[in-house]
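Q: Numbering (the working numbering), first residue to last: 614 to 695. Built from N, CA and C at the ideal position, the CB exists for glycine as well.
Have a look at this one:
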């Protein structure tokens, strides 16, 4: 369909990145999701150990801490200007 406006005078369409999101909007999403998954696994491990009457292992705390660090890194990456 032609609009009668020369091609070079038409406004450019927005550049889209992964998943159809505007360019740069999806930055940091994967580290945040992986971090949330690790935090959830660490929390579940700690809660099940606590419920079972066992001492909470350092591994569960390390999983939770690693997940928190990944969430933080993903948040920083998302707000970084290009």
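1) For residue 679, which of 642, 648, 640, 641 has the nearest alpha-carbon?
2) Output needed for residue 658: all residues of its chain with C-beta closer than 6 angstroms, excluding positions within five of it in sequence on either side, in chain order.
3) Can you give the beta carbon distance from residue 685 to residue 655, rounded, assuming they're within the 8 angstroms contact cut?
4) What are the start and end residues of the alpha helix (DSSP H) that includes residue 685?
A: Answer, in terms of the structure:
1) When C-alpha distances from residue 679 are compared across 642, 648, 640, 641, the shortest belongs to 648.
2) Short of 6 angstroms from the beta carbon of residue 658, and not among the five residues preceding or following it, lie these beta carbons of its own chain, in chain order: 673.
3) The Cβ separation is near 15 angstroms, so there is no contact.
4) Unbroken alpha helix (DSSP H) run through residue 685: 671-692.
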